[in-house]
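Asks: Below is the structure I would like to discuss, written out as structure tokens.
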């Protein structure tokens with residue numbers, strides 16, 4: 193027996209293992225390639241199914257509109273969609289317009305706009321069924337008003353994709369709180385709108401639904417992340433929309449598309465049922481707010497949402513009703529202002545629009561006081577950027593791994609994916625030549641420990657106190673500052689995170705902020721881009737010029753800001769800017785004649 197075992201052992205030791213290892217290796221490779229192919233097939237199937245759902249909803253909406261036209265031969269949609277929100281609500285309440293006619297008018301217009309701009313992710317056909325019970329909400333402030341909602345706002349039975357494959361095929365089990373409140377106020381959510389992949393971008397493209405286009409210029413982005421809302425509203429396919437804002441995501445598309453947008457104090461409106469790819473991040477707060485053609489529409493939406501239903505459905509929202517008295521006040525304001533934040537030199541059209549608005553406010557009897565953002569360079573990198581990317585971007589990257597990366601996000605994803613030790617090395621190498629780029633790169637490392645995160649939060653709290661103290665020292669009511677614009681050419685948003693200094697600051701501070709369109713880019717503005725040098729003279733300043741070039745005729749806006757929880761004061765200031773701008777345009781037309 194021992195001799196037999198020894199013979200076998202000797203025989204085994206003489207086996208040629210090379211073919212065995214080769215076969216095993218090849219088999220493993222084949223299995224891996226098959227797994228990868230299979231996974232890609234699943235991803236493509238998910239994307240294809242999402243597109244099919246969207247296309248099916250568009251077809252059903254077209255059929256519904258055609259059927260309504262057949263049943264109502266005198267139906268004329270253009271006279272409906274051209275009304276202001278105040279005019280529309282008035283006609284609905286008095287009965288001269290019926291909710292079914294209004295819904296089908298906006299549905300028809302939205303279908304038309306979407307064909308040109310690709311701004312919708314799905315038509316909500318439940319809106320037609322909602323008409324059956326709409327008369328029970330006749331007392332609602334938004335009775336019969338069709339409303340668009342951003343893709344990440346939960347609507348029962350529909351995905352909140354955030355533009356990433358990982359969130360597909362996960363339909364909401366119930367409406368978000370804001371949608372439930374809107375329905376109680378008589379509003380009819382009828383369409384979901386497009387977003388950039390992952391939402392942490394101010395472009396508007398994703399691998400599921402594609403690129404949304406700017407309604408003024410099809411070679412420009414509408415901005416983001418609420419870009420579908422901006423494009424649809426400016427195109428006339430919606431009269432009132434709802435977006436979210438974590439770094440300018442309401443305000444930038446409002447500026448790029450020439451409408452109004454408002455970012456309230458975080459938690460003034462409920463965030464329950466609002467999806468995100470960076471849940472858990474608390475340094476820079478996201479805010480939910482309205483977008484519309486005019487400020488009065490924003491105020492009406494806020495009045496409608498800030499009701500007992502909101503406070504009951506989400507007890508974490510402070511039960512503070514809309515202060516109409518503050519909003520309607522006409523008392524002269526003491527207004528802080530700055531034309532340049534010291535981090536990004538405004539484009540010529542941004543600077544001109546700001547100066548013209550400042551002059552109008554002064555001539556109207558308001559007091560203008562110089563106000564400069566405090567320590568913005570360090571604050572932008574160390575508090576804002578490092579705060580948003582406290583996890584080094586891992587949460588966002590994990591969502592992106594489930595599918596293809598959209599071109600609009602490729603630069604950001606590449607940056608976030610660089611190993612930490614290489615980022616640290618690049619920081620030291622680039623610092624002497626590109627200090628702004630190296631500081632942003634270092635900030636993208638995030639925080640390294642719980643203790644460091646606590647210090648981060650403490651530093652943010654102390655900075656907010658510091659800014660409020662300066663605000664009170666100057667005794668200002670509100671703040672006027674430039675707004676990023678005009679709309680960018682494609683593929684520049686992901687390469688220019690530095691330009692967010694004008695918007696991201698007020699998410700960090702949690703100050704209400706809104707955007708009002710006040711002008712358009714002139715030939716002179718465009719010509720002055722040739723002399724634009726920027727503050728730092730680095731690659732970002734050069735890219736900024738390329739991003740905004742070719743914008744003659746595009747809208748330009750200003751930004752209005754107030755202290756936390758003084759949302760009505762911010763809206764009151766926005767209305768003042770809007771009215772003075774409109775009056776000035778009328779005077780110019782009269783003088784030209």
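Residue numbers (our numbering): 193 to 785.
Note that the Cβ used here is the ideal one computed from N, Cα and C, for glycine as well.
Helix, strand or coil: how does DSSP classify residue 569 here?
Replies: In this structure, residue 569 counts as helix in the three-state DSSP scheme.
Asks: Quick one: is residue 457 buried, meaning 16 or more other Cβ sit within 10 Å of its Cβ, or exposed?
Replies: Under this definition residue 457 is a buried residue.
Asks: Could you please give me the residues that DSSP links to residue 751 through a beta bridge?
Replies: The partner list for residue 751 (beta bridge, DSSP) reads 673, 707.
Asks: Once DSSP output is grouped into helix, strand and coil, what is the label at residue 661?
Replies: If DSSP states are grouped into helix, strand and coil, residue 661 belongs with the helices.
Asks: Since residue 561 and residue 766 should fall inside the 8 Å C-beta cutoff, what is the C-beta to C-beta distance between them, to a whole number of angstroms?
Replies: About 19 Å separates the two Cβ atoms, so there is no contact after all.
Asks: Which residue comes first and which comes last in the beta strand (DSSP E) that contains residue 529?
Replies: Looking at the DSSP string, the run of the beta strand (DSSP E) that includes residue 529 is 526 to 529.
Asks: For residue 567, which of 556, 493, 656, 584 has the nearest alpha-carbon?
Replies: Residue 567 has its Cα closest to that of 656, out of 556, 493, 656, 584.
Asks: Which residues mark the beginning and the end of the beta strand (DSSP E) in which residue 313 is found?
Replies: Looking at the DSSP string, the run of the beta strand (DSSP E) that includes residue 313 is 312 to 315.
Asks: What is the rounded straight-line gap between the Cα of residue 619 and the Cα of residue 634?
Replies: Going by the C-alpha atoms only, they are around 6 Å apart.
Asks: Please state whether the Cβ-Cβ distance between residue 424 and residue 415 is less than 8 Å.
Replies: Cβ distance not < 8 Å, so residue 424 and residue 415 don't count as in contact.
Asks: Suppose contacts are defined by Cβ-Cβ distances below 8 Å. Is residue 386 in contact with residue 470 by that definition?
Replies: No, the Cβ-Cβ distance between residue 386 and residue 470 is not below 8 Å.
Asks: Taking three-plus beta-carbon pairs below 8 Å as touching, is the segment 345 to 364 in contact with the segment 293 to 303?
Replies: No, the segment 345 to 364 does not touch the segment 293 to 303.
Asks: Can you tell me the Cα-Cα spacing of residue 661 and residue 669, whole angstroms?
Replies: Going from the Cα of residue 661 to the Cα of residue 669 covers about 13 Å.
Asks: For residue 684, which residues in the same chain have their Cβ closer than 6 Å to its Cβ, ignoring the five residues on either side in sequence?
Replies: Around residue 684: 739.
Asks: On the CB-based measure, 16 or more other CB atoms within 10 Å of its CB, does residue 399 come out buried or exposed?
Replies: Burial call: buried.
Asks: Could you tell me the alpha carbon to alpha carbon distance between residue 508 and residue 580, rounded to whole angstroms?
Replies: Using only the alpha carbons, I get a separation of about 23 Å.
Asks: Starting from residue 432, follow its DSSP beta bridges and name the residues at the other end.
Replies: Answer is 484, bridged to residue 432.
Asks: Taking the C-alpha atoms as reference points, what is the distance between residue 203 and residue 642?
Replies: The predicted position of residue 203 is uncertain, since its pLDDT is 47 and thus under 50; a value taken from the coordinates is nonetheless stated next. If you take the alpha carbons of residue 203 and residue 642, they lie about 59 Å apart.
Asks: From residue 409 to residue 745, what distance separates their C-alpha atoms?
Replies: Rounded to the nearest angstrom, the two C-alpha atoms are 9 Å apart.
Asks: If you follow the beta strand (DSSP E) that residue 560 is in, where does it begin and where does it stop?
Replies: That run of the beta strand (DSSP E) goes 559 to 562.
Asks: Report the residue from 445, 515, 517, 320 whose alpha carbon sits nearest the alpha carbon of residue 260.
Replies: The option with the nearest alpha carbon to residue 260 is 320.
Asks: Do you know how far the Cα of residue 426 is from the Cα of residue 779?
Replies: Spanning the two alpha carbons is a distance of roughly 25 Å.
Asks: Which value, in whole angstroms, describes the spacing of the CA atoms of residue 490 and residue 677?
Replies: Distance between the alpha carbons of residue 490 and residue 677: 21 Å.
Asks: Within the same chain, show all residues whose beta-carbon is closer than 6 Å to that of residue 310, passing over the 5 residues directly before and after it, in chain order.
Replies: Once the five neighbours on either side are set aside, the close Cβ partners of residue 310 are 402, 404.
Asks: Following the continuous beta strand (DSSP E) through residue 380, name the residue where it begins and the one where it ends.
Replies: Element bounds for residue 380: 380 to 385.
Asks: Of the choices 591, 270, 476, 459, whose alpha-carbon is the least far from that of residue 497?
Replies: Out of 591, 270, 476, 459, 459 has the C-alpha closest to the C-alpha of residue 497.
Asks: Could you tell me whether the Cβ atoms of residue 637 and residue 629 are closer together than 8 Å?
Replies: No; because the gap between Cβ atoms is not below 8 Å, this pair is not in contact.
Asks: If I follow the unbroken beta strand (DSSP E) through residue 452, where does it start and stop?
Replies: First-last of the beta strand (DSSP E) with residue 452: 452 to 455.
Asks: In angstroms with no decimal places, state the Cα-to-Cα distance between residue 732 and residue 516.
Replies: Rounded to the nearest angstrom, the two C-alpha atoms are 43 Å apart.
Asks: Which of the three DSSP states is assigned to residue 342 in this structure?
Replies: Residue 342 falls in the strand class under three-state DSSP.
Asks: Under the rule that 16 or more other beta-carbon atoms within 10 Å means buried, what is residue 365, buried or exposed?
Replies: Classification for residue 365: exposed.
Asks: Quick one: grab the DSSP three-state call for residue 466.
Replies: Note: residue 466 maps to strand in three-state DSSP.
Asks: With DSSP as the reference, label residue 770 as helix, strand or coil.
Replies: Three-state result, residue 770: helix.
Asks: Quick check on the DSSP output: what are the complete alpha helix (DSSP H) runs of length 4 or more inside the segment 235 to 295, in order along the chain?
Replies: List check, alpha helix (DSSP H) in window: 270 to 273, 277 to 286.
Asks: Contact defined as beta carbons within less than 8 Å: I believe residue 338 pairs with residue 294. What is the distance between those atoms, to the nearest angstrom?
Replies: Sure, about 6 Å apart at Cβ, within 8 Å.
Asks: Could you tell me the boundaries of the alpha helix (DSSP H) in which residue 449 lies?
Replies: Its alpha helix (DSSP H) spans residues 443 to 449.
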